[in-house]
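Have a look at the structure below before the remarks.
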Amino acid sequence: MLRLRAFRATNEKVVKIAVHPTHPWLVTADASDHVSVWNWEHRQVIYELKAGGVDQRRLVGAKLEKLAEGES
2 MLRLRAFRAT NEKVVKIAVH PTHPWLVTAD ASDHVSVWNW EHRQVIYELK
52 AGGVDQRRLV GAKLEKLAEG ES
């Protein structure tokens with residue numbers, strides 16, 4: 002049975018969502034360029050940034066690689 006969970010780090014409209022292929026991580030980006038990386042197993046934000054003016058995909062991708070390798 003599918004169980005839905007709610008996550009909320011911002012009151013802005015979420016405009017992008019990505020799921021990591023091997024880790025329990027969900028990345029959200031809102032309309033104000035606020036990016037959050039969630040661990041859905043623990044229902045907590047593990048990383049946040051304000052990404053305006055940068056290549057968000059490259060920046061978040063690099064941070065996810067570091068998190069996967071155990072760096073903070």
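For the record, in the sequence shown the residue sitting at position 22 is 23 according to my numbering, with numbers rising by one throughout. Virtual Cβ for every residue (Gly too), placed ideally from N, Cα, C. Predicted model, so just to flag it, every value in this text is computed and none were measured.
Beta-carbon gap between residue i and residue j smaller than 9 Å
i, j, result
"E49", "A32", "no"
"E42", "P22", "no"
Spatial distance of residue i from residue j (CA atoms)
i, j, result
"V38", "L27", "6 Å"
"V46", "N40", "6 Å"
"A7", "R44", "9 Å"
"K64", "V16", "20 Å"
Run of the beta strand (DSSP E) containing residue i, from where it starts to where it stops
i, result
"W39", "H35 to N40"
"E49", "Q45 to K51"
"A19", "V15 to V20"
"A30", "W26 to D31"
Burial state of residue i, where buried means 16 or more other Cβ atoms lie within 10 Å
i, result
"V36", "buried"
"T29", "buried"
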